[in-house]
């Protein structure tokens, strides 16, 4: 089958350590302090393990928003994954520990379209709240000059919408439209949970892609995105895992099942988001969300040979039925398969996972590197908190 496309992810080293908070408190108490003390070596080690996990569970293309992404590019090049690299950019004095648009441009010059086009670099922005107005016009210029895409988070929580209304009197996607950030070569928005009917029409008119992250949205209590309505209106909605800390794995098969169940549960409609639509979200519709549907997302002559093989002879896949009008392979792919059932992963015609084993790196060595790096990261974070006279549990939401 076609390789899976993860339209929104973050490499990271915080799996299982950032729990029990809604998204904006979670960002300030766990994520931003980590960014303050992260090193380039930490970032590279995290990307190696992230991309290995993705390949082993059937993901052939990943959109990764992360830090110090020369290391991420090295990891993508070495492991063989198709990667859209998006630096965590902030252009605001309160968030001066993130990447900048200047460093983003430098990364484009070094890595965009490398590895025979397998590695792309887009322009990133953590959030509109993380940028001053003067920086936003530069985002548009970079995307147009380099003919590359733009990726940011939008409408993830009710706070997003309420705060945007307080600041500007309009909703977030209306702000992005007003700023010209939807008229770029490609725009991909993560989450879009709290979008109203007008915003969905804006997404449709501007051919904006959406990355739906159901597990993250449930874990952070953000809400249920109106995915069925977005798809009905012609918006290209792909699937994303989000990061290791808000998921807590990168198994897109699990994401497929969760997307199906969340749509049914939130609408009280058992027919909502059928299995075939979910399969498409993880493949060809995800490719459309990235503007890459002519290259990936389906097995067609002339497209990239990005494909995976999934074990069928497992108890959870039985029975396989193809009898008159009864056909259950696609429903089993969505509701029964797990990432560990992937036995082969091929990217650009090169086998990168064979018999369930990573070809281009020693997985145990990657795991060891992460286990050595993570305690040092937490020690530096504790030292940063100590300098502020706070602990992680005492840090309160700041005024944005």
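In our numbering, the protein residues as written are -5 to 394. Note that the Cβ used here is the ideal one computed from N, Cα and C, for glycine as well.
- Message: Report the CB separation of residue 60 from residue 84 in whole angstroms; it is logged as a contact under 8 Å.
- Response: For the purposes of this step, residue 60 is identified with residue 66 of the chain shown, where counting begins at 1. For the purposes of this step, residue 84 is identified with residue 90 of the chain shown, where counting begins at 1. Not quite, the Cβ-Cβ distance comes to about 13 Å (not below 8 Å), so this is no contact.
- How would you label residue 57, buried or exposed, when you count the other beta carbons within 10 angstroms and need 16 or more for buried? Along the chain shown, read from residue 1 onward, the residue named residue 57 stands at position 63. The residue in question, residue 57, is buried, as its Cβ has 16 or more Cβ neighbours within 10 Å.
- Applying the criterion that 16 or more other CB atoms from any shown protein chain within 10 Å of the CB defines a buried residue, is residue 90 buried or exposed? Counting from 1 along the chain shown, the entry for residue 90 is found at position 96. Exposed: under 16 other Cβ atoms inside 10 Å.
- Query: Is residue 56 near the ligand SAH, with its Cβ less than 7 Å from a heavy atom?
  - Reply: In the structure shown, the ligand SAH is absent, as is every other ligand, since no ligand is present at all.
- Message: For residue 111, tell me which candidate among 182, 342, 371 and 117 has the shortest Cα-Cα distance.
- Response: The residue labelled residue 111 in the question sits at position 117 within the chain shown. Looking at the Cα atoms, 342 is the closest of the given residues.
- Own chain, CB closer than 7 Å to residue 323, minus 5 neighbours either side, in chain order: Within the chain shown, numbered from 1, the residue matching residue 323 stands at position 329. Excluding residues within five positions, the ones whose Cβ falls inside 7 Å are 314.
- Task: Put residue 80 into one of helix, strand or coil per three-state DSSP.
- Result: Start at 1 with the first residue of the chain shown, and residue 80 comes out as number 86. Looking at residue 80 - three-state DSSP - the assignment turns out to be strand.
- Does the Cβ of residue 226 have 16 or more other Cβ atoms within 10 Å, making it buried, or fewer, making it exposed? Taking the chain shown and counting its residues from 1, one reaches residue 226 at position 232. Burial call: exposed.
- Give every residue of the same chain whose Cβ lies closer than 7 Å to the Cβ of residue 68, excluding the five residues on either side of it in the sequence, and list them in chain order. The residue labelled residue 68 in the question sits at position 74 within the chain shown. Excluding residues within five positions, the ones whose Cβ falls inside 7 Å are 38.
- Query: What is the DSSP secondary structure of residue 189, reduced to helix, strand or coil?
  - Reply: Within the chain shown, the letter at position 195 stands for residue 189. DSSP places residue 189 in coil when its eight states are reduced to three.
- Message: For residue 287, report the span of its alpha helix (DSSP H) as first-last.
- Response: To locate residue 287, count along the chain shown from 1; it is residue 293. That residue, residue 287, is in no alpha helix (DSSP H); it is neither H nor E in DSSP.
- Item | Continuous alpha helix (DSSP H) assignments of at least 4 residues falling wholly in the region 152 to 205 | 152 to 162, 166 to 172 and 191 to 199
- Query: On the three-state DSSP scale, how would you describe residue 313?
  - Reply: For the purposes of this step, residue 313 is taken as the residue at position 319 of the chain shown. Residue state, collapsed to three classes: coil.
- Item | 7 Å Cβ shell around residue 198 - same chain, five flanking residues per side excluded | Here residue 198 corresponds to residue number 204 of the chain shown, with the count starting at 1. Cβ neighbours of residue 198 beyond the five flanking positions: 227, 228 and 229.
- Query: My guess is that residue 218 and residue 283 are in contact by the Cβ rule of under 8 Å, so how many angstroms apart are they, rounded?
  - Reply: In the chain shown, counting from the first residue as 1, residue 218 sits at position 224. In the chain shown, counting from the first residue as 1, residue 283 sits at position 289. With 8 Å as the limit, residue 218 and residue 283 do not qualify as a contact, their Cβ atoms being about 19 Å apart.
- Message: According to DSSP, residue 321 sits in a beta bridge with which residue or residues?
- Response: Taking the chain shown and counting its residues from 1, the one referred to as residue 321 is at position 327. 316, per the DSSP bridge assignment.
- Task: In the DSSP assignment, find the unbroken beta strand (DSSP E) run with residue 118 in it and report its ends.
- Result: The sequence position of residue 118 within the chain shown is 124, counting from 1. Residue 118 -> beta strand (DSSP E) spans 117 to 119.
- Item | Outcome for residue 309 when other beta-carbon atoms lying within 10 angstroms are tallied against a minimum of 16 | Mapped onto the chain shown, residue 309 falls at position 315. It counts as exposed.
- Residue range of the alpha helix (DSSP H) that residue 17 falls in? Taking the chain shown and counting its residues from 1, one reaches residue 17 at position 23. Note, residue 17: alpha helix (DSSP H), 17 to 20.
- Message: Looking at residue 166: is its Cβ nearer than 8 Å to the Cβ of residue 148?
- Response: Taking the first residue of the chain shown as 1, we reach residue 166 at position 172. Taking the first residue of the chain shown as 1, we reach residue 148 at position 154. Going by C-beta atoms, residue 166 is nearer than 8 Å to residue 148.
- Keeping to the same chain, check which residues put their C-beta closer than 8 Å to that of residue 136; ignore five residues upstream and five downstream. Here the question's residue 136 lines up with position 142 in the chain shown. Excluding residues within five positions, the ones whose Cβ falls inside 8 Å are 95, 98, 99, 102, 117 and 142.
- Task: Compare the C-alpha of residue 307 against each of 301, 168, 326 and 293 and name the closest.
- Result: Working through the chain shown from its first residue, we reach residue 307 at position 313. Measuring from the Cα of residue 307, the nearest candidate turns out to be 326.
- Message: Please report the distance separating the alpha-carbon of residue 263 from that of residue 54.
- Response: Position 269 of the chain shown, counted from the first residue, corresponds to residue 263. Position 60 of the chain shown, counted from the first residue, corresponds to residue 54. Distance from the CA atom of residue 263 to the CA atom of residue 54, rounded to whole angstroms, is 32 Å.
- Under 7 Å Cβ to Cβ from residue 6, same chain only, skipping five residues before and after it: list those, please. Locating residue 6 in the chain shown gives position 12, where the first residue counts as 1. The residues are 40, 237, 238 and 239.
- Message: For a test of the three-state rule: what should DSSP assign to residue 222, helix, strand or coil?
- Response: For the purposes of this step, residue 222 is taken as residue 228 along the chain shown, with counting starting at 1. In the structure shown, residue 222 sits in a helix (DSSP, three-state: H, G or I).
- So what does residue 348 bridge to, in DSSP terms? By one-based count along the chain shown, residue 348 stands at place 354. Looking at the DSSP assignment, residue 348 forms a beta bridge with 338 and 351.
- Less than 8 Å between the CB atoms is what I'm expecting for residue 339 and residue 14, so what's the real figure, rounded? Numbered from its first residue, the chain shown carries residue 339 at position 345. Numbered from its first residue, the chain shown carries residue 14 at position 20. Not quite, the Cβ-Cβ distance comes to about 34 Å (not below 8 Å), so this is no contact.
- Which listed residue (261, 267 and 244) has its alpha carbon closest to that of residue 254: Sequence index remark: in the chain shown, residue 254 carries index 260 (1-based). Ranking the options by Cα distance to residue 254, first place goes to 267.
- Query: Given a threshold of 16 other Cβ atoms within 10 Å of its Cβ, counted over all protein chains shown, does residue 224 qualify as buried or as exposed?
  - Reply: Counted from its first residue, the chain shown places residue 224 at position 230. Counting Cβ neighbours within 10 Å, residue 224 comes out buried, since at least 16 surround it.
- Could you give the distance in angstroms between the alpha-carbon of residue 270 and the alpha-carbon of residue -5? Residue 270 sits at position 276 when you count from the first residue of the chain shown. Residue -5 sits at position 1 when you count from the first residue of the chain shown. Roughly 13 Å between the two C-alpha positions.
- Item | residue 371 to residue 319 span [Cα, whole Å] | The sequence position of residue 371 within the chain shown is 377, counting from 1. The sequence position of residue 319 within the chain shown is 325, counting from 1. Taking the straight line joining both Cα atoms gives about 55 Å.
- Message: Buried or exposed for residue 251, going by 16 or more other Cβ atoms inside 10 Å?
- Response: Stepping through the chain shown from its first residue, residue 251 is reached at position 257. Under the 10 Å beta carbon count, residue 251 is surrounded by 16 or more other beta carbons and is classified as buried.
- Item | Contacting residues, own chain, Cβ-Cβ under 6 Å from residue 396 (five flanking each side not counted) | In the structure as shown, the chain starts at -5 and stops at 394, and residue 396 therefore has no counterpart that could be examined.
- CB of residue 220 within 8 Å of CB of residue 189, strictly: For the purposes of this step, residue 220 is taken as residue 226 along the chain shown, with counting starting at 1. For the purposes of this step, residue 189 is taken as residue 195 along the chain shown, with counting starting at 1. Yes.
- Cβ-Cβ distance between residue 145 and residue 171 below 8 Å: As a working mapping, residue 145 is identified with position 151 in the chain shown. As a working mapping, residue 171 is identified with position 177 in the chain shown. Their beta carbons are not under 8 Å apart, which means residue 145 does not touch residue 171 by this criterion.
- What is the rounded straight-line gap between the Cα of residue 178 and the Cα of residue 196? Along the chain shown, read from residue 1 onward, the residue named residue 178 stands at position 184. Along the chain shown, read from residue 1 onward, the residue named residue 196 stands at position 202. Using only the alpha carbons, I get a separation of about 14 Å.
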